[in-house]
Structure formats: C-alpha cells, structure tokens
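Below: the structure, in structure tokens.
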Amino acid sequence: MIIQLCGLSGAGKTTIARSVQRKAAASRLPIEIIDGDAYRESLCRDLGFSKEDRCENIRRLGFVASRLSDHGVICIISAINPYETVRRELKMKYAHVKTVHIDCSLDELITRDTKGLYKRALLSDNHPDKLNNLTGVNDPFEAPSHPDLHLRTDEHSITACTNTLYQFILQNIKHQEAKYSRAASI
Ligand code: ADP
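Next comes the structure, spelled out in structure tokens:
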C-alpha cells in the first residue's frame with residue numbers, strides 16, 4: 001500500500017507519518033516514510049520547485065514507494081505533492097495508492113511557522129530574504145477534490161490524527177487481504 005500525503009508546509013505530514021510509523025512498529029507492521037525533504041538531498045537533488053520539477057519529484061518518490069510496496073512494506077510519501085495530475089498519475093500507475101490530505105488553515109500555519117518559511121514568503125517583494133515559491137502563499141496548491149482521507153490538523157490533535165490514519169491503514173490492509181483471498185479461491 002502507498003499512502004501519498006499532500007498538504008502545505010507545516011500542516012503535519014512528517015509529524016503524523018512518524019507517529020503512525022511508531023504505532024505500527026509496536027504491531028510489527030513495517031512502514032517506510034518516503035520524505036520529500038530527505039529525497040531532495042539525494043535521489044531528487046537535481047530538482048527545483050517549478051511545476052515540472054515538483055511533479056517529477058513525486059514520480060520518483062512514487063517509483064521508490066512502488067518497489068517497496070511490492071514487497072509488503074507500507075509506504076507513506078510525505079511531500080507537499082500539490083498537483084492533482086501527478087497524484088492521479090500515481091493512482092493509475094501503481095496498485096493500492098491512497099491519497100490523504102493533511103489539511104490546516106493558512107492562519108494556523110502562519111502561527112505555527114516551525115521553519116520560518118511563511119514569515120519569509122510574506123515579506124515585501126524587494127526584500128532579499130523573500131521566498132517566492134511557498135506553496136499556499138505564492139505557489140499553487142490544488143486541494144484534492146476526492147481524497148481517500150481528509151485530516152484537519154487545526155481541528156484535531158496529533159494523537160487523534162494519528163489514530164485516524166492508523167485505523168485507515170488497517171482497514172485498507174483488511175480490504176486488500178480479503179480481495180486477494182477471494183481471487184485465490186476462484
Ligand atoms: P510538514 O511535514 O507538513 O511540513 P511538520 O510535521 O514538520 O509539517 O510540522 C507540523 C507542526 O505542527 C509540528 O510542530 C507539530 O507539532 C504541529 N502540530 C500541531 N497540531 C498538529 C496535528 N494535529 N497534527 C500534526 N502536527 C501538528
């Protein structure tokens with residue numbers, strides 16, 4: 001199974017992915033987090049933040065996830081993943097891909113601003129530290145119209161969001177297993 005998260009910077013993708021991973025580890029359920037920031041320092045080092053590069057970034061993360069997923073590892077792709085076309089592309093290309101929107105209001109993100117990115121994006125245009133491509137401020141984010149799961153981190157606690165995503169994963173594992181055993185008995 002591949003869980004492709006999407007959501008603005010600071011919405012809680014990494015926090016929830018890690019928390020779900022810890023919870024799953026206690027039940028010996030293998031989860032690999034494919035973290036966009038980490039891969040941008042290795043496999044995706046050549047990519048920038050244009051639409052084309054952001055989409056190519058997701059394609060590469062999707063490929064890595066598909067290889068692991070074929071061996072039973074549950075993969076969580078944790079990246080902003082702002083474009084509907086490439087999210088759909090992953091769903092069409094690989095089996096058992098679920099889209100999970102990690103959603104949070106811009107007001108709350110500006111208050112959190114854990115990495116100082118919103119402050120920089122909101123600087124005046126001629127400021128030398130101005131960030132010009134922050135998703136949700138001055139770069140597009142296409143909210144998924146029909147996500148498989150929608151989590152609002154400005155309304156629910158980290159624990160609640162973790163439990164919801166964890167239960168969602170367990171339900172989908174059961175669903176997959178039932179499908180395989182039906183196919184095997186035909
Ligand atoms: P992202 O990976 O989406 O950029 P992070 O997980 O790095 O975001 O940061 C999210 C920040 O928001 C963390 O400081 C986290 O503690 C905080 N936070 C507050 N409420 C929640 C919640 N319900 N779910 C996830 N993170 C939350």
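In full-length UniProt numbering, the protein residues as written are 1 to 186. Glycine is no exception: its CB is placed at the ideal position from the N, C-alpha and C atoms.
Secondary structure in the UniProt domain "APS kinase" (2 to 151): the beta strand (DSSP E) runs of 3 residues or longer, each lying completely within the stretch, are 2 to 6, 31 to 35, 74 to 78 and 97 to 103 in chain order.
In summary, R88 is exposed, with fewer than 16 beta-carbon neighbours lying within 10 Å of its beta-carbon over all protein chains present. Per the coordinates, the alpha-carbon of D125 lies some 21 Å from the alpha-carbon of G48. Taking the Cα of I169 as reference, the smallest distance to any Cα among L134, A183, K98 and S181 is reached at K98. By the neighbour-count criterion, in which 16 or more other beta carbons inside 10 Å mark a residue as buried, R54 falls on the buried side. Three or more beta-carbon pairs separated by less than 8 Å are not found between the region 110 to 129 and the region 164 to 183, which leaves the two stretches without contact. The beta carbons of G136 and L5 sit no closer together than 7 Å. With contacts defined by Cβ atoms closer than 7 Å, I16 and L165 form a contacting pair. A residue is called buried when at least 16 other Cβ atoms come within 10 angstroms of its Cβ; I158 does not meet this threshold and is exposed. A184 and F63 have their C-alpha atoms some 27 Å from each other. Not one heavy atom of ligand 1 is found less than 6 Å from the C-beta of S105.
In the structure shown, S185 adopts coil according to DSSP, grouped into three states. Comparing alpha carbon positions, the residue from K91, I80, K51 and P82 closest to S66 is K91. If you draw a straight line from the Cα of I33 to the Cα of I2, it comes to about 10 Å. With fewer than 16 neighbouring CB atoms inside 10 Å of its own CB, D70 falls in the exposed class. With fewer than 16 neighbouring CB atoms inside 10 Å of its own CB, D107 falls in the exposed class. The residue from S50, R18, Q167 and G116 with its alpha-carbon nearest to that of I77 is R18. The region 134 to 153 makes contact with the region 100 to 118: 3 or more CB pairs, one atom from each, lie closer than 8 Å.
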